[in-house]
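For the sequence shown, UniProt numbering gives the first residue as 1, with consecutive numbering after it.
All C-beta atoms, glycine included, are put in the ideal place defined by N, C-alpha and C.
Take a look at the structure below.
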Amino acid sequence: MTTEIAGASRTYDVRTYGCQMNVHDSERISGLMEDAGYVRAADPESADVVVFNTCAVRENADNRLYGNLGHLRPTKVKNPDMQIAVGGCLAQKDRGDIVKKAPWVDVVFGTHNIGSLPALLERARHNQEAEVEILESLEVFPSTLPTKRESTYAGWVSISVGCNNTCTFCIVPSLRGKEKDRRPGEILAEVEALTKEGVLEVTLLGQNVNSYGVEFGDRLAFGKLLRATGEIEGLERVRFTSPHPKDFTDDVIAAMAETPNVCHSLHMPLQSGSDRVLKAMRRSYRQEKYLGIIDKVRAAMPDAAITTDIIVGFPGETDDDFEQTLEVVRRARFSSAFTFQYSKRPGTPAATMDEQLPKAVVQERYERLITLLEEITWAENKKLVGEKVEVLVAVGEGRKDDRTGRLSGRARDGRLVHFATGDLTPRPGDIVDTVVTYAAPHHLNADGLPLSHRRTRAGDAFEAGRTPKLKGVSLGLPSLGVPAPLPAAEGCSL
Numbered sequence: 001m002t003t004e005i006a007g008a009s010r011t012y013d014v015r016t017y018g019c020q021m022n023v024h025d026s027e028r029i030s031g032l033m034e035d036a037g038y039v040r041a042a043d044p045e046s047a048d049v050v051v052f053n054t055c056a057v058r059e060n061a062d063n064r065l066y067g068n069l070g071h072l073r074p075t076k077v078k079n080p081d082m083q084i085a086v087g088g089c090l091a092q093k094d095r096g097d098i099v100k101k102a103p104w105v106d107v108v109f110g111t112h113n114i115g116s117l118p119a120l121l122e123r124a125r126h127n128q129e130a131e132v133e134i135l136e137s138l139e140v141f142p143s144t145l146p147t148k149r150e151s152t153y154a155g156w157v158s159i160s161v162g163c164n165n166t167c168t169f170c171i172v173p174s175l176r177g178k179e180k181d182r183r184p185g186e187i188l189a190e191v192e193a194l195t196k197e198g199v200l201e202v203t204l205l206g207q208n209v210n211s212y213g214v215e216f217g218d219r220l221a222f223g224k225l226l227r228a229t230g231e232i233e234g235l236e237r238v239r240f241t242s243p244h245p246k247d248f249t250d251d252v253i254a255a256m257a258e259t260p261n262v263c264h265s266l267h268m269p270l271q272s273g274s275d276r277v278l279k280a281m282r283r284s285y286r287q288e289k290y291l292g293i294i295d296k297v298r299a300a301m302p303d304a305a306i307t308t309d310i311i312v313g314f315p316g317e318t319d320d321d322f323e324q325t326l327e328v329v330r331r332a333r334f335s336s337a338f339t340f341q342y343s344k345r346p347g348t349p350a351a352t353m354d355e356q357l358p359k360a361v362v363q364e365r366y367e368r369l370i371t372l373l374e375e376i377t378w379a380e381n382k383k384l385v386g387e388k389v390e391v392l393v394a395v396g397e398g399r400k401d402d403r404t405g406r407l408s409g410r411a412r413d414g415r416l417v418h419f420a421t422g423d424l425t426p427r428p429g430d431i432v433d434t435v436v437t438y439a440a441p442h443h444l445n446a447d448g449l450p451l452s453h454r455r456t457r458a459g460d461a462f463e464a465g466r467t468p469k470l471k472g473v474s475l476g477l478p479s480l481g482v483p484a485p486l487p488a489a490e491g492c493s494l
């Protein structure tokens, strides 16, 4: 397959919507495109191929995609050789309807066949007609695909894809399929490969990370995996997202507390604090169990920063149900939260439930929730004023950095820190120790002189313009049977 026209390589641009899984999938799309001979467009507006990697979780995702496709139509008319591809969850859902609604789209591909994209683009060019290919199950495990990483210092690593839960508000299981788990050795091999390239921080990804092991019958597999990452030389930070309260076990809490490089940062989706609403959502835990998990995490790791997801206005939610959510928020003391007004998604059981709430009611509750969350997150952040924090310097975290003269990055607990550099010149990927001087609801400032600056291999790679580009690590779909056990890892209590 060639992507050259008149001696010049064709250019591409990937535009990503949605969750961390989509961000990581977009890294794979970029890796595939470059393996096929495309080069990233210096100017995204003039790219020869534009790829939309879509989300279908909320209603405005549809509107956003079709609006952006409409904006590209004049460009496509002026340049018929330009190609537009749509992939991801919305493509898996809408399939050929995308081409019906936007006939200038050249390729539609789903969540299960990302690896087909270069061939579909070539076929569409050759046949001069749209190519729509949606599979119902995975061709290969996504991590077998080449990946062009976007960061020199932090990397995503998928441990599973798909979800076995049946939450009534969620369309993801029907689009991503049943859970498929990678073998532990394959995951650790990918983490080790990233670390050798200079990556300091890895986030383990799954639709439900702590059900990892369900395919091979080991319900303690995720805790073992966390401990095993502690044995990887050079890996300084390990995070994971997202877990599910029903599968969250004490051994995972112990692994977090006892493995030095696992960050004391936990994203634990709540969705609702009402037992009645949780039952209607088909979330198989209740308020007491959820708060029990929070209490155990805080007992093992008093410094843990806990974040969450909350849906306001689920069908049938009463004033009392909503007050129960507020009560959990008060007791849990979250460091931040992703909050959503319930959005009806066709194809989910909740979409046809009675008692869909009026927009005005949902909006009023939503505003009350935001007000309470901001009070709590600000109060929790103020407790850190005067404390030392270790910051991994990042790119693009601080919108005002150029104006303020600060740099930005994440503390070990995941909080955003804007810090003064003094005479130092830290690079993205370097580590800076500094002291918090000011707290806001969503960030911390450190305006004194840094206590220390450690140059890292990740910073060297950023300075040299290198990002990790890995070939696939595993071979095909996860193999059958029980995998070899993870190596034992003795952790130190923090």
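Handout entry: 9 angstroms Cβ cutoff met for residue 406 and residue 418
Key = Contact: yes.
Problem - Simplified DSSP state of residue 83, which is helix, strand or coil - result: DSSP, reduced to helix, strand and coil, places residue 83 within a strand of the structure shown.
Handout entry: Integer Cβ distance of residue 322 from residue 280, believed to fall under 8 angstroms
Key = Contact flag wrong, Cβ pair sits at about 14 angstroms.
Exercise for the section: Would you mind stating whether residue 114 and residue 29 have Cβ atoms separated by less than 9 angstroms? Expected result: For residue 114 and residue 29, yes; Cβs fall inside 9 angstroms.
Problem - Closest Cα partner of residue 214 within the set 165, 292 and 201 - result: By alpha-carbon distance to residue 214, the top candidate from 165, 292 and 201 is 165.
Handout entry: C-alpha distance - residue 163 paired with residue 376, whole-angstrom precision
Key = A direct Cα-Cα distance of roughly 32 angstroms separates residue 163 from residue 376.
Practice task
Using only alpha-carbon positions, find the residue among 436, 225, 221 and 200 that is nearest to residue 430.
Solution key: Comparing Cα positions, the closest option is 200.
Handout entry: Under the three-state DSSP convention, the category residue 292 falls into
Key = Residue state, collapsed to three classes: helix.
Handout entry: As assigned by DSSP and simplified to three states, the class of residue 442
Key = DSSP places residue 442 in coil when its eight states are reduced to three.
Exercise for the section: Identify whether residue 284 lies in helix, strand or coil by the three-state DSSP scheme. Expected result: Residue state, collapsed to three classes: coil.
Exercise for the section: Find the nearest neighbour of residue 397 within the set 386, 414 and 242, judged by alpha-carbon distance. Expected result: Looking from the CA of residue 397, the closest CA among 386, 414 and 242 belongs to 414.
Exercise for the section: Measure from the alpha carbon of residue 386 to the alpha carbon of each residue in 438, 42, 297 and 61, then state which is nearest. Expected result: The shortest Cα separation from residue 386 among 438, 42, 297 and 61 belongs to 438.
Problem - 6 angstroms Cβ shell around residue 461 - same chain, five flanking residues per side excluded - result: 152 and 198, listed in sequence order.
Practice task
Indicate the three-state DSSP secondary structure (helix, strand or coil) for residue 447 in the structure shown.
Solution key: Taken through DSSP and simplified to helix, strand or coil, residue 447 comes out as coil.
Handout entry: Chain-order list of residues whose beta-carbon lies under 8 angstroms from that of residue 53 (same chain, five-residue window excluded)
Key = Excluding residues within five positions, the ones whose Cβ falls inside 8 angstroms are 14, 15, 16, 17, 18, 22, 25, 26, 29, 87 and 88.
Problem - Touch test, the region 202-213 against the region 445-464, Cβ-Cβ under 8 angstroms, three pairs minimum - result: With contact defined as three or more Cβ pairs closer than 8 angstroms, the region 202-213 and the region 445-464 are not in contact.
Problem - beta strand (DSSP E) segment containing residue 453, residue limits - result: It spans 452-454 - the beta strand (DSSP E) in which residue 453 sits, taken as one unbroken run.
Problem - Per-residue burial, residue 241 [other beta carbons within 10 Å of its own, 16 or more giving buried] - result: Classification for residue 241: buried.
Practice task
Following the continuous alpha helix (DSSP H) through residue 169, name the residue where it begins and the one where it ends.
Solution key: For residue 169, there is no enclosing alpha helix (DSSP H), as DSSP marks it with neither H nor E.
Problem - Contact set for residue 92: own chain, Cβ-Cβ below 7 angstroms, skip 5 residues either direction - result: For residue 92, same chain residues with a beta-carbon under 7 angstroms away, outside a window of 5 residues either side, are 110, 111, 134 and 175 in chain order.
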